[in-house]
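Heads up, the thing below is written out as structure tokens.
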Amino acid sequence: MMLSKKNNEALENFSEKLEVEGRSLWQDARRRFMHNRAAVASLIVLVIIALFVTIAPMVSQFSYYDTDWGMMSSAPDMESGHYFGTDSSGRDLLVRVAIGGRISLMVGVAAALVAVILGTLYGSLSGYLGGKVDSVMMRLLEILNSFPFMFFVILLVTFFGQNILLIFVAIGDGLLAGYGAYRSRSDPKPEAKRVY
Numbered sequence: 001m002m003l004s005k006k007n008n009e010a011l012e013n014f015s016e017k018l019e020v021e022g023r024s025l026w027q028d029a030r031r032r033f034m035h036n037r038a039a040v041a042s043l044i045v046l047v048i049i050a051l052f053v054t055i056a057p058m059v060s061q062f063s064y065y066d067t068d069w070g071m072m073s074s075a076p077d078m079e080s081g082h083y084f085g086t087d088s089s090g091r092d093l094l095v096r097v098a099i100g101g102r103i104s105l106m107v108g109v110a111a112a113l114v115a116v117i118l119g120t121l122y123g124s125l126s127g128y129l130g131g132k133v134d135s136v137m138m139r140l141l142e143i144l145n146s147f148p149f150m151f152f153v154i155l156l157v158t159f160f161g162q163n164i165l166l167i168f169v170a171i172g173d174g175l176l177a178g179y180g181a182y183r184s185r186s187d188p189k190p191e192a193k194r195v196y
């Protein structure tokens, strides 16, 4: 009797000293991300590229449109300040690469956001409605997957011109068809029983 009383007291003291701190989903995701070396290395490279495309045009002594008539089609040269060289019109390639990188990053991020938003909405609607509507929506997505991605982008740009917003939507829709729209269900067991 005395022994169990001492054990209970020791257990209570131990449990008071022991504090268990739970992790949120964000903390768990960050921890898993930081343990993935490829993901961390990719993030570092992406940050370096983003810094380059942001800072290089501001620091460079040449602007996007400046022409150096004496250095047309020249190789990279540290003395003249053309670190990537010049093109056939004498324009600095470092600045032009940085400006092109800005547009590429902007298109990539915007297209991914469009794909995530449209894919989530489409997949959630499909999962919510369920049944035959869900099957029809998924078959439509499979039909879109059968066409080449660049076909839609080229077709939209041909019909509507080179509008940057349209390019975001076109690439986002292409990513949606390829990766984004998954059905959202609260319980997959009834679907598994129906399919299998």
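The sequence shown begins at 1 in full-length UniProt numbering and counts up by one.
Cβ coordinates follow ideal geometry from the N, Cα and C atoms, glycine included.
- Between the Cα of V97 and the Cα atoms of M138, T67 and F52, which residue gives the shortest distance? The residue with the shortest Cα to Cα distance from V97 is F52.
- Message: Nearest by alpha-carbon distance to D77: which of N145, L93, T120 and V153 is it?
- Response: If we check each option's Cα against that of D77, L93 comes out closest.
- Is there contact here, the region 101 to 121 with the region 155 to 170, by at least three beta-carbon pairs under 8 Å? Of all C-beta pairs linking the region 101 to 121 to the region 155 to 170, three or more are shorter than 8 Å, placing the two stretches in contact.
- Would you be able to state if there are at least three C-beta pairs under 8 Å between the region 52 to 65 and the region 98 to 108? When Cβ pairs closer than 8 Å are counted between the two stretches, the region 98 to 108 is seen to touch the region 52 to 65, the count reaching three or more.
- Helix or strand or just coil, what does DSSP make of T86? Assigned with DSSP and collapsed to three states, T86 falls in strand.
- Proximity to I55 [Cα-Cα], best of S74, R30, V40 and R102: Selected option, being the one with the closest Cα: R102.
- Grouping DSSP H, G and I as helix and E and B as strand, with all else coil, what is D134? Correct three-state label for D134: helix.
- Message: Taking 6 Å as the limit between beta carbons, can you name the residues of its chain near residue 207, skipping five residues before and five after?
- Response: Only positions 1 to 196 of the chain appear in this structure, which leaves residue 207 out of reach.
- Message: Which of the three DSSP states is assigned to D77 in this structure?
- Response: D77: strand per DSSP, three-state reduction.
- Query: Below 7 Å between beta carbons: does that hold for G85 and S74?
  - Reply: For the pair G85 and S74, the CB atoms are nearer than the 7 Å cut-off.
- Buried or exposed: which applies to L141, given that a residue is buried once 16 or more other Cβ atoms fall within 10 Å of its Cβ? L141 is buried by the Cβ-count criterion.
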